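Taking it in order: structure first as structure tokens, then the write-up.
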Amino acid sequence: MSYPSLSGWLPYALQKPLFGDRRRWGRIAQTSDPDWQRWSDAYMQFYADTQKGGIGKIANDAGYRILRNVDFEGADVFEFGPGSLPHRRFWRGKPAHYTVADIKQEFLDTSLAVLREAEVPATSILSAEATRSLGDASFDRVVSFYSLEHIADLDFIVRDLARVLKPGGLLVGGIPCEGGLAWGFGRYLTSRRYARRNFNYDPDKIICWEHPNFARDVLETLDRQFVPVRRVFWPLAAPLVDVNLIASFVYAKR
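The opening position of the sequence shown corresponds to residue 578 in this note's numbering, with each subsequent residue numbered one higher.
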């Protein structure tokens with residue numbers, strides 16, 4: 578399946594504020610760059626202010642609802658990039674064990690607290706390359722919400738997520754419709770404006786490095802590696818990235 582977008586046809590003067598100045602800054606984060614360091618320092622506040630309430634929470638929850646189509650009862654689950662595990666209330670069934678991997682210890686601590694409250698045995702991994710440490714065919718379910726758009730080496734991570742799934746296992750998750758017109762204009766009016774008002778970094782640089790992958794890149798990569806089971810686009814049902822904010826999905830291992 579293809580995921581066309583009109584964004585590439587826009588004049589670059591419009592692409593830049595919507596999707597970052599990718600011609601100048603590229604897709605790979607320069608971790609020694611002062612703007613990246615300022616962004617890293619501000620990230621937890623940015624996350625709390627833009628993702629836990631308002632339109633950010635509404636959009637995120639729209640993606641999480643796809644979890645109602647996946648049975649977790651008695652499953653070994655691995656989540657790549659759990660954040661604060663805000664989708665817990667959408668689970669169907671109680672996992673036998675839950676492994677979380679993230680690059681921020683704060684998120685791992687919060688996730689483990691949520692899992693303890695749910696009385697689910699859990700393990701955490703602090704690493705951007707957590708999948709390397711996991712055995713083949715280790716999990717019944719793999720979960721990844723709002724993380725794959727951040728991964729520069731997308732092909733490797735997607736292959737490894739397939740590797741750690743058991744035969745018959747499912748990948749469930751969601752991504753923002755990055756690179757689509759609705760997402761670009763929505764960010765321009767909300768979180769980009771918020772960043773310019775509250776933080777001392779160039780958002781057109783950080784957007785490139787924070788979201789190196791457009792939605793079409795992620796979805797096409799997943800389509801090549803897995804068997805599509807279910808896709809849901811929000812807020813419109815049409816499978817078009819330009820008119821939606823969130824794409825959620827369930828894939829089966831080939």
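Yeah, the Cβ is synthetic: ideal placement off N, Cα and C, and Gly gets one too. Keep in mind that this is a model prediction, so the values were computed, not measured.
With a cutoff of 8 Å on beta-carbon distance, F776 and R601 are scored as not near each other.
If you draw a 10 Å sphere on the C-beta of P780, you find 16 or more other C-beta atoms in it, and that means buried. In the DSSP annotation of this structure, L583 is not part of any alpha helix (DSSP H), being labelled neither H nor E.
R807 is not a Cβ neighbour of F791, given a cutoff of 8 Å.
Annotation for L766: the continuous alpha helix (DSSP H) segment containing it runs L758 to L766. The Cβ atoms of V697 and P672 sit closer than 8 Å to each other. Linking Q622 to F722 through their CA atoms gives a straight-line distance of about 19 Å. Note: P753 is bridge-paired with I823 in the DSSP secondary-structure output.
Beta-bridge partners of A699 (DSSP): Y675.
In the DSSP assignment, L747 is bridged to R718 and A829. Listed in chain order, the non-local C-beta contacts of A606 below 7 Å within the same chain comprise W613 and W786, local neighbours out to five positions each way being set aside. Contact between F596 and S584 holds: their C-beta atoms lie close to 7 Å from each other, under 8 Å. Taking the Cα of C754 as reference, the smallest distance to any Cα among L725, K681, G746 and R769 is reached at L725. P805: member of the beta strand (DSSP E) spanning F803 to W811, first to last residue. Put simply, the backbone Cα of V719 is about 29 Å away from that of S768. Closest in alpha carbon position to R801, among D732, G756 and A772, is D732.
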